[in-house]
Every structure is written in structure tokens, then in C-alpha cells.
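Below is one structure, written out as C-alpha cells, with a few remarks after it.
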Amino acid sequence: MKNYILRAEDEIESAKYLYQNDFYRGTLNHCYYACTWLMRGLLAERGIVIKMLDSAFSFFEEYIIKSEPVPNSIQQFIKMLVQEYQVLQKDIAGDFMADEILSYIEKTEDFLYFVKDQADLAERSN
Numbered sequence: 033m034k035n036y037i038l039r040a041e042d043e044i045e046s047a048k049y050l051y052q053n054d055f056y057r058g059t060l061n062h063c064y065y066a067c068t069w070l071m072r073g074l075l076a077e078r079g080i081v082i083k084m085l086d087s088a089f090s091f092f093e094e095y096i097i098k099s100e101p102v103p104n105s106i107q108q109f110i111k112m113l114v115q116e117y118q119v120l121q122k123d124i125a126g127d128f129m130a131d132e133i134l135s136y137i138e139k140t141e142d143f144l145y146f147v148k149d150q151a152d153l154a155e156r157s158n
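Per our numbering, numbering through the sequence shown is continuous, rising by one, with the last residue being 158.
Here you go:
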């Protein structure tokens, strides 16, 4: 799990750097990948290894959200982020508001803290 968290933290730091330099599309992209690494980490802890990044959400929804207590705010954020990422991939001229993008960084960090807490609980129970 540690390596997945480290990858996600790296993506978040990249997102923050891009945000500070007004590269909002790149910021959203790095938030998406941070969340993807976190989802993959949670799945890997349960023996489900995902090689395709884009399939992480489907497996996360099937094996984590339906069976474990994931805060509703995180569930909704992940769904919204996946939708925005799909728009990002298709919409060349799409504009994103700075406040909206900042909220994606904050919510991505919330997801990171949730996953870290889950990893700490799992480690203590072993």
C-alpha cells in the first residue's frame, strides 16, 4: 500500500504545482491519477491487482464501495472526478474555474487521508 500512497502523493504535488501556475487541465489530470493510484492500492490490499488504470474505478466501485464503509463524500467525488476526466479527454477547449480545480485538489487530499487511515488500521490489525 505504501508505494501506491507515495505515487498518489507525487501526483498531488504535481497537481498543486500545475494549479499554482494556472495549468488547470493538467491539475485535474494529476488529481485523477492520484485517485487512481489510491483506488488501485485499496484493491491491491484485497488481492485485486489492476493493470489498466482506467478500469480501477469499475473495480473500486464493485469491490470497495459496495462492500466497505467509504464515506459518501468520497464516493461522490470519485464519480464526479471520473466524469470530469472523461470530459477533459474529449473537450479540447474546455475551461475550468480556479475555485473548482482547487476543490478537486482538496478532495483528492481527503481521499488520500482516508486511504492512509485505512492502511494504518490494516497495519495495526496485523
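By construction, the Cβ of each residue, glycine as well, lies at the ideal position given by its N, Cα and C atoms. Small disclaimer: the values here were computed from a predicted structure and weren't measured.
When you compare only the Cα positions, how much space is there between residue i and residue j?
i: Y117; j: K139; result: 15 Å
i: Y51; j: K111; result: 21 Å
i: R82; j: F89; result: Reading off the sequence shown, one finds Ile at residue 82, where the question assumed Arg. Each residue's alpha carbon lies about 10 Å from the other.
i: N104; j: F143; result: 11 Å
i: Q108; j: Y56; result: 21 Å
i: D42; j: C63; result: 10 Å
Helix or strand or just coil, what does DSSP make of residue i?
i: F96; result: It is worth fixing the name first, because residue 96 is Ile in this sequence and not Phe. Three-state DSSP puts I96 in a helix.
i: I82; result: coil
i: D127; result: coil
i: N53; result: coil
i: V102; result: coil
i: M112; result: helix
i: E132; result: helix
With residue i and residue j assumed to form a contact (beta carbons below 8 Å), what rounded beta-carbon distance in angstroms separates them?
i: N61; j: L120; result: 7 Å
Should residue i go down as buried or exposed, given a rule of 16 or more other Cβ atoms within 10 Å for buried?
i: E100; result: exposed
Next item on the list: Pair every Cβ in the stretch 63-80 with every Cβ in the stretch 35-49, then say whether three or more of these pairs are closer than 8 Å.
Entry: yes
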